[in-house]
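Protein chains: 2
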Amino acid sequence: MGKTDQLEPPHHCQLCNNRASSAFRELSAETLDTVSHLKTCAAFKKGQVMLHEGARPQGVYCIHKGKLKFYRLGSEGKEQIVRFATDGDLVGYRSILSDEPIGASVTALEDTFACYIPKSSFFEVIEQNPKFSLNLLHVSCHELGEAGKMITSLAQKTVRQRLAEIFLVLRATFGEDEEGYLDLKLTREEIANMVGTATESAIRLISELRSEGTISTAGRRVKIEDPGALRALAAVVD
Amino acid sequence: MGKTDQLEPPHHCQLCNNRASSAFRELSAETLDTVSHLKTCAAFKKGQVMLHEGARPQGVYCIHKGKLKFYRLGSEGKEQIVRFATDGDLVGYRSILSDEPIGASVTALEDTFACYIPKSSFFEVIEQNPKFSLNLLHVSCHELGEAGKMITSLAQKTVRQRLAEIFLVLRATFGEDEEGYLDLKLTREEIANMVGTATESAIRLISELRSEGTISTAGRRVKIEDPGALRALAAVVD
DNA sequence: TCAGAGATATGACATATATCATATCTTTGA
DNA sequence: TCAAAGATATGATATATGTCATATCTCTGA
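Respectively, the protein sequence lines represent chains A and B.
The opening position of the first sequence corresponds to residue -3 in this note's numbering, with each subsequent residue numbered one higher.
The opening position of the second sequence corresponds to residue -3 in this note's numbering, with each subsequent residue numbered one higher.
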């Protein structure tokens, strides 16, 4: 569904729509040319795993179009979603740069197209472009801040508050479609795995928010009806 | 207490004991010389705040000797400890590199000596030393992985399991003194603020672990008596 | 050195959330 | 298009943890 020429990666990084918002922003034409020649294309179907927890990646992916979840398996085998990636985001860089195994599996939430840059090429670009290093530092340090927020939220807020917060975060990250629904379809189980609660509890609390008129749902599609109520509930600090 | 000449920062970075384990490892002699001339010294008494949440730091601190906690204030004003820093660690780099306000306040848990490097000098070193950028990327990406572990633990483990885990983490991070006690004194409230629970709950569960013979305590000093039992309890995955 | 403040300890009780069970409702793939 | 598999929904119940209250204990600064 949709025109494939919009979904396939462009032939050259300079033509990529995501360039301005990615770690490749503000790089010289020559550098982009180099990266362009080093990269290959990869496609992932919805549900397909891009990276496995514990593995050693041999390169990084730059997401051209798609949505992915990062998750760790807890001791009971339950998924904990730790973050998401979408257009323009780099995937796999954490493991390569810290020289550690993959910390979180990455799976496509919808059909995804990505560019693959081998590890060696990635390091070459880093070493020859201080600007690229700075961009990577910017991204990783920003993520670190987001993780701190998530830690505080998990430690101090109730499930109900975290659920409200998650809907606001999803809207900020993925936006809304023409009808006002969050532009990301998640199962109730996946929502529970972000919030850190049992699936039944997530379902129950979603039903409550729905009956209170704060949100509405249509299958897996969720619409925020009263953002103010959500913000009040979530007790958003920052 | 203690000889001051051991506690004050050395005059030159090349003589610093922490060099090998810090982000300044493997830098050229000239670079270290530059940094040495740009830095100034700073001392923090136990309990003193090094950085305030929400502020804009004008430089980074390299910890020469000491222990500090990073914490965010939740909506109820409760501290959530998100990580620690000790000898050789950089403090404040996250905010400067992501160009965001400080995400977590930093307070000295004991008297601390640090070197202060102004923002501009810090960026100069980064731009002129790809190796330093890589070290910083290594550190920030490692921290990001640790944050992911903490998120999973908070979301999926019981307070009892997290408490067991914390004692193991503290031992791995700070080690033990000659008598076998964890080399870090925390109040029960601080322990609760790491684990993400009420102070009373932390006290109660610590009492339980004590009566089970898994740990022993002497005031604020904690000794791990049965690491195996702690590991089993924490259900450590990785 | 001592007194007051803060920390630790423990009980009683409240409650949010997990767990288990069952019934419908949607997807999805053949 | 349909049937099976999986997802959603909701009730009943159990329980871990939070909250409030009170009583020592132990630091720390004057």
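Where is the CB? At the ideal position from N, CA and C, for every residue including glycine.
Keep in mind that this is a model prediction, so the values were computed, not measured.
Taking Cβ positions only, does residue i come closer than 8 angstroms to chain A?
i: B:GLN54; result: no
i: B:GLN10; result: no
i: B:THR148; result: yes
i: B:ILE202; result: no
i: B:LYS65; result: no
i: B:ALA151; result: yes
i: B:ARG90; result: yes
i: B:ALA81; result: no
i: B:ALA51; result: no
i: B:ILE187; result: no
i: B:ASP95; result: yes
i: B:SER129; result: yes
i: B:HIS134; result: yes
i: B:GLU123; result: yes
i: B:GLY99; result: yes
Just mark residue i as buried or exposed, buried being the case when its beta carbon has 16 or more other beta carbons within 10 Å.
i: A:LYS41; result: exposed
i: B:SER24; result: exposed
i: A:HIS60; result: buried
i: A:VAL121; result: buried
i: A:CYS37; result: exposed
i: A:HIS8; result: exposed
i: A:LEU11; result: exposed
i: A:ARG68; result: buried
i: B:GLY215; result: exposed
i: A:THR108; result: buried
i: B:ALA16; result: exposed
i: A:ALA228; result: exposed
i: B:VAL218; result: buried
i: B:SER203; result: exposed
i: B:GLU26; result: exposed
i: B:GLY88; result: buried
Any heavy atom of the ligand GTP inside 7 angstroms of the beta-carbon of residue i?
i: A:PHE66; result: Absent from the structure shown: the ligand GTP. Ligands present: none.
Who does residue i pair with in a DSSP beta bridge?
i: B:THR82; result: B:LYS63
i: B:THR108; result: B:PHE40
i: A:VAL56; result: A:ILE113
i: A:THR103; result: A:VAL45, A:LYS65
i: A:VAL87; result: A:TYR57
i: A:LYS35; result: According to DSSP, which records beta bridges pairwise, A:LYS35 is partnered with nothing at all.
i: A:LYS127; result: The partner list for A:LYS127 (beta bridge, DSSP) is empty, contrary to what the question assumes.
i: B:ILE77; result: B:TYR67
i: A:GLU172; result: A:LEU178
i: A:ILE211; result: A:ILE220
List the whole-angstrom C-beta distance separating residue i from residue j, where the pair is believed to meet the contact cut-off of C-beta under 8 angstroms.
i: A:GLY84; j: A:ASN14; result: 4 angstroms
i: A:GLY70; j: B:GLN152; result: 4 angstroms
i: A:ASP95; j: B:HIS134; result: 7 angstroms
i: A:VAL191; j: A:ILE162; result: 6 angstroms
i: B:TYR112; j: B:GLY55; result: 5 angstroms
i: A:THR103; j: A:MET46; result: 7 angstroms
i: A:ALA168; j: B:LEU140; result: Not really, about 20 angstroms apart at Cβ, beyond 8 angstroms.
i: B:GLU172; j: B:LEU164; result: That belief does not hold up - the Cβ atoms of B:GLU172 and B:LEU164 are roughly 12 angstroms apart, past 8 angstroms.
i: A:ARG158; j: A:LEU150; result: 7 angstroms
i: A:GLY62; j: A:ALA110; result: 7 angstroms
From the beta carbon of residue i, is the nearest beta carbon of chain B less than 8 angstroms away?
i: A:ARG216; result: no
i: A:HIS138; result: yes
i: A:VAL78; result: yes
i: A:GLU72; result: yes
i: A:ASP107; result: no
i: A:LEU226; result: no
i: A:GLN44; result: no
i: A:PRO126; result: yes
i: A:HIS60; result: no
i: A:ARG68; result: yes
i: A:GLY141; result: yes
i: A:GLN2; result: Interpretation of A:GLN2 is limited by its pLDDT of 45, a score under 50 that renders its predicted location unreliable; the figure taken from the coordinates is listed afterwards. No, A:GLN2 does not count as interfacial toward chain B.
i: A:ALA19; result: no
Can you list, in chain order, the residues of its chain with a C-beta nearer than 6 angstroms to that of residue i? Leave out the 5 residues immediately preceding and following it.
i: B:SER117; result: LEU34
i: A:LEU205; result: ILE211
i: B:ALA225; result: THR210
i: B:LEU201; result: ARG156, LEU159
i: A:LEU86; result: ALA19, VAL56, CYS58
Here's a check: name, in chain order, each residue in its chain whose Cβ is nearer than 7 angstroms to the Cβ of residue i, leaving out the five neighbours to either side.
i: A:ALA194; result: ALA188
i: A:PRO97; result: GLY50, ALA51, ARG52, SER91
i: B:ALA230; result: GLN157, ALA160, GLU161, LEU164
i: B:LEU28; result: CYS9, GLN10, PHE20
For residue i, collect the residues of the same chain with a Cβ closer than 8 angstroms to its Cβ; drop the 5 residues on either side in sequence, then sort them by chain order.
i: A:LEU93; result: LEU132, SER136
i: B:LYS115; result: PRO53, GLN54, GLY55, VAL56, ILE92
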